[in-house]
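Protein chains: 2
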Amino acid sequence: MSEPTARDVGEFGLIAAVTARLPLSDAVLLGPGDDAAVIAVPDGRVVATTDVLVEGVHFRRDWSSAYDVGRKAAAANLADVAAMGGTATALLVGLASPPDLPLRWAVELADGLRDEAAVVGAVVVGGDTVTADQVVVSVTALGTLVGAPVTRSGACVGDSVVVAGRLGWSAAGLRLLQQGVIDGDVVDAHRHPTPPYTVGPALARAGATAMCDVSDGLVADLGHIARASGVGIELQASALADPAVSLNDVLTGGEDHALVATLRGPAPDGCRVVGRVVEGSGVRVDGQVVAGGWEHFA
Amino acid sequence: MSEPTARDVGEFGLIAAVTARLPLSDAVLLGPGDDAAVIAVPDGRVVATTDVLVEGVHFRRDWSSAYDVGRKAAAANLADVAAMGGTATALLVGLASPPDLPLRWAVELADGLRDEAAVVGAVVVGGDTVTADQVVVSVTALGTLVGAPVTRSGACVGDSVVVAGRLGWSAAGLRLLQQGVIDGDVVDAHRHPTPPYTVGPALARAGATAMCDVSDGLVADLGHIARASGVGIELQASALADPAVSLNDVLTGGEDHALVATLRGPAPDGCRVVGRVVEGSGVRVDGQVVAGGWEHFA
């Protein structure tokens, strides 16, 4: 007998199989199973962000396990909350999938979402399951702030540029997978990133003037900060060098969800200084302009 | 020259074209353009729900305009917040689409989301755009509560069952479209539902013991309330009759996003009494068991 599919168990069977494996937390005032969830955000502000992962675009089912896709989908959103200086508390998940999707795949996806969320103490509080031609996982993360949100627009001339987390590993790992290499730390980094979540709130407390997560590539994402803040960014190649990957991957590879921030004073643990904010515009590495970054629809 | 597509303008061009058309509100502490949005929820509780609409499953681009798809996607989520007794304040939108999607389609989708959200005073605060083989629109609604959330589990024997909004119109409209009828109120009801949003909080204030929106069909959704509350539901066919549609459509048609609730006292404006809560289990119409309701993967 073949293993059960989404079609075999139906929408409600799929939801029941998944939600049975999900814990709740003190922040969850009402969890899955009703029209909507209710989550506590004690200071009256909720941080909210959405990312969508598509089979064949962001992951391949033959290269990544459902568990890894779940971790990656959660990580992309949890990192966005961290990049505001916040801490995520809840995820909502939309799963569009072919009717012949193995039930096991959906359950392992939920396990991955659950385990990545648990890294920051967040839980899955709701979702929706529908049929589609390819697997599409849309995740919304909700979170709380302690101080003001750290936007992209506050970088000041003279600030240091600091990075926390890996850069370029996901891009290098994808290339290895395309070449047939299926094992190793760099390949695993593509399958699921490990963002430095707690450094986000630590940077906010340390007075970060601007911050974002590196989802499009360091140069592209620092370009967003430079444009929004009306400043230029100078990076030092020597400070960015990583023996595991090329400098090009470090500068242009996305989806590692490292955090990059600007600040005046000392950086918190987990950060390294890689450059400084200068007058002008754009992003330079050792004085040279670098193009690049990942764009959809290109 | 053909009209521009998502590929022509790129991810950032698409986001810029859409966000330029979106208003903000007092509840939005930080809007689109950063890693995450920040929304005020003054009493420290946020209501959150997600629904996913898939081309070919929930809509067809030749039957519904992008504007109608936007209104429908927003309505499904706004109704879920209303069904908790809440009022939606913010939407986050994930749009997966083929690269050849006309830019105009995405812009009109955003206009529909914006205009439906405006019905309750909500605004679009963030989102994500990615490539996919078919159009998938995932919407998350966030909202606020005044009292306790109205769940599905509080119905008591002796309560009245009340309905606000249309039942069966969307299902009847879909059948007309399948038969080649493209005009008329019933067809338009399929293209975009008109949920009675403000009746949700009014029912909460009136002491509703259980409530949900009718997305799967009246009998199916009341079945959820009956199961969660450990009661039976008796409906009167005469109270449900609607000259525009068949009784079968009224009982089993989903996606109109009417509200159905149970309560002891007088019902607020906009509600009609259609039955009562009884001992036992299941849902009966004039004493007869009715099966039905829409299920994905079936």
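Top to bottom, those sequences are chains X and Y.
Under the working numbering, the first residue of the first sequence is numbered 277, with each subsequent residue one higher.
Under the working numbering, the first residue of the second sequence is numbered 277, with each subsequent residue one higher.
A virtual CB, placed ideally from N, CA and C, is assigned to each residue, including glycine.
Discussion item. Please list, in chain order, the chain C residues whose beta carbon lies closer than 8 Å to that of R321 of chain Y.
Written reply: Judged by its chain identifiers, the structure shown contains no chain C, and its protein chains are X and Y.
Fill in: Residues that L498 of chain Y bridges to, as DSSP identifies them
In the DSSP secondary-structure assignment, L498 of chain Y is not bridged to any residue.
Worksheet item: Count the other CB atoms within 10 Å of the CB of G419 of chain Y; is the residue buried (16 or more) or exposed (fewer)?
Response: G419 of chain Y comes out buried.
Worksheet item: Does the beta-carbon distance from A316 of chain Y to A303 of chain Y come in below 9 Å?
Response: With a cutoff of 9 Å on beta-carbon distance, A316 of chain Y and A303 of chain Y are scored as near each other.
Worksheet item: Does any residue of chain X bring its CB to less than 9 Å from the CB of G388 of chain Y?
Response: False, the Cβ-Cβ gap to chain X never drops below 9 Å.
Discussion item. Taking CB distances under 9 Å as the criterion, tell me whether G556 of chain X reaches chain Y.
Written reply: Closer than 9 Å: no.
Discussion item. Short of 6 Å in beta carbon distance, which residues of its chain neighbour H572 of chain Y, apart from the five on each side in sequence? Order them along the chain.
Written reply: The pLDDT assigned to H572 of chain Y is 49, lower than 50, so where the model puts this residue is not dependable; a value taken from the coordinates is nonetheless given after this. Contacts found: none.
Discussion item. Just to make sure I have the definition right: I need the residues of chain Y whose C-beta is within less than 8 Å of the C-beta of D575 of chain X. Which are they?
Written reply: Because chain X in this structure spans residues 277 to 574, residue 575 of chain X falls outside the shown range and cannot be described.
Worksheet item: Excluding five sequence neighbours on each side, which residues of the same chain lie with their C-beta closer than 6 Å to the C-beta of A351 of chain Y?
Response: Sequence-distant partners of A351 of chain Y (beyond 5 residues in either direction) whose C-beta falls short of 6 Å from its own C-beta, in its chain, are E392, P469, P471, H533.
Worksheet item: Exposed or buried, what is I458 of chain Y when buried is set at 16 or more other beta-carbons lying within 10 Å of its beta-carbon?
Response: Burial call: exposed.
Worksheet item: Does any C-beta atom of chain X lie closer than 9 Å to the C-beta of T325 of chain Y?
Response: Chain X, which has a Cβ nearer than 9 Å to the Cβ of T325 of chain Y, makes this yes.
Discussion item. Out of X:L443, X:R337, X:H466, X:G397, which one is the CA nearest neighbour of S301 of chain X?
Written reply: The closest CA to that of S301 of chain X, considering only X:L443, X:R337, X:H466, X:G397, is found on X:G397.
Worksheet item: So R467 of chain X packs on S340 of chain X, CB below 8 Å; how close in whole Å?
Response: That pair is a contact at about 5 Å.
Worksheet item: Which one of Y:G529, Y:V438, Y:D376, Y:T295 has the shortest CA to CA distance from A480 of chain Y?
Response: Of the candidates Y:G529, Y:V438, Y:D376, Y:T295, the one whose C-alpha sits nearest the C-alpha of A480 of chain Y is Y:V438.
Item to complete: Could you confirm whether any beta carbon from chain X is found closer than 9 Å to the beta carbon of D404 of chain Y?
Response: Closer than 9 Å: yes.
Worksheet item: From D404 of chain Y to V330 of chain Y, what does the alpha carbon distance come to, in whole angstroms?
Response: Approximately 16 Å, taken between the alpha carbons.
Fill in: Proximal residues of chain X, C-beta to C-beta of C432 of chain Y below 9 Å
Chain X residues near C432 of chain Y: none, gap ~17 Å exceeds 9 Å.
Worksheet item: Rounded to a whole number of angstroms, what is the C-alpha to C-alpha distance between T365 of chain Y and Q455 of chain X?
Response: Distance between the alpha carbons of T365 of chain Y and Q455 of chain X is about 47 Å.
Practice prompt. Taking G444 of chain X as the reference, give the member of X:D461, X:C432, X:A431 with the closest Cα.
Written response: Taking G444 of chain X as reference, the option from X:D461, X:C432, X:A431 with the minimal CA-CA separation is X:D461.
Discussion item. Less than 9 Å between the beta carbons of R540 of chain Y and G370 of chain Y, yes or no?
Written reply: Cβ atoms of R540 of chain Y and G370 of chain Y: not closer than 9 Å.
Practice prompt. Could you name the residues of the same chain whose beta carbon sits closer than 7 Å to that of Y287 of chain Y, not counting the 5 residues immediately before and after it, in chain order?
Written response: Here the sequence assigns Glu to residue 287 of chain Y, which means Tyr is not the residue at that position. Once the five neighbours on either side are set aside, the close Cβ partners of E287 of chain Y are T405.
Discussion item. Tell me the rounded alpha-carbon separation between G309 of chain Y and L535 of chain Y.
Written reply: Looking at the two C-alpha atoms, the distance is approximately 35 Å.
Discussion item. Counting C-beta neighbours from all protein chains within 10 Å, is the total for A296 of chain Y 16 or more, i.e. buried, or is it exposed?
Written reply: The residue in question, A296 of chain Y, is exposed, as its Cβ has fewer than 16 Cβ neighbours within 10 Å.
Worksheet item: Checking contacts by CB at 9 Å: is Q410 of chain X closer than that to chain Y?
Response: At least one chain Y Cβ lies under 9 Å of Q410 of chain X.
Item to complete: For S557 of chain Y, count neighbouring Cβ atoms within 10 angstroms of its own Cβ and tell me buried if that reaches 16, exposed if not.
Response: Result: exposed.
Practice prompt. My understanding is that L368 of chain Y touches T485 of chain X, with C-beta atoms under 8 Å, so please give their C-beta distance in whole angstroms.
Written response: Taking the Cβ atoms as the reference, L368 of chain Y lies roughly 26 Å from T485 of chain X, outside the contact range of under 8 Å.
Worksheet item: Using Cβ-Cβ distances below 8 Å, what residues of the segment 409-428 of chain Y are close to chain X?
Response: Here the close residues are D409, Q410, V412, S414, T416, A417, L418, G419, L421, P425, T427, R428.
Worksheet item: In terms of alpha-carbon separation, which member of X:M487, X:V553, X:A465, X:P375 lies closest to P425 of chain X?
Response: Of X:M487, X:V553, X:A465, X:P375, the residue nearest in Cα terms is X:M487.
Worksheet item: Out of Y:A355, Y:E510, Y:A372, which has the shortest C-alpha to C-alpha gap to G563 of chain Y?
Response: If we check each option's Cα against that of G563 of chain Y, Y:E510 comes out closest.
Practice prompt. Give the residues of chain X in contact with A359 of chain Y, contact being defined as C-beta atoms less than 9 Å apart.
Written response: Chain order gives the chain X residues near A359 of chain Y as D310, D311, A312, where near means a beta carbon separation below 9 Å.
Worksheet entry | Sequence-distant residues of the same chain with beta carbon closer than 7 Å to V285 of chain X, five excluded per side | Answer for V285 of chain X: A293, L379, listed in chain order.
Discussion item. My output table needs one value for R283 of chain X: the three-state DSSP class, helix, strand or coil.
Written reply: Correct three-state label for R283 of chain X: helix.
Worksheet entry | Close-in-space but distant-in-sequence residues of the same chain around V328 of chain Y (CB under 6 Å, 5 per side omitted) | Here V328 of chain Y has S414 as same chain residues with Cβ atoms under 6 Å from its own Cβ, once five neighbours each way along the sequence are excluded.
Item to complete: Output the boundary residues of the alpha helix (DSSP H) element that contains D310 of chain Y.
Response: Element bounds for D310 of chain Y: n/a, residue is neither H nor E.
Item to complete: Determine the extent of the beta strand (DSSP E) in which S341 of chain X is found, giving its start and end residues.
Response: DSSP places S341 of chain X outside any beta strand (DSSP E), giving it a letter other than H or E.
Fill in: Opposing strand residues paired with M487 of chain X [DSSP bridges]
X:A537, per the DSSP bridge assignment.
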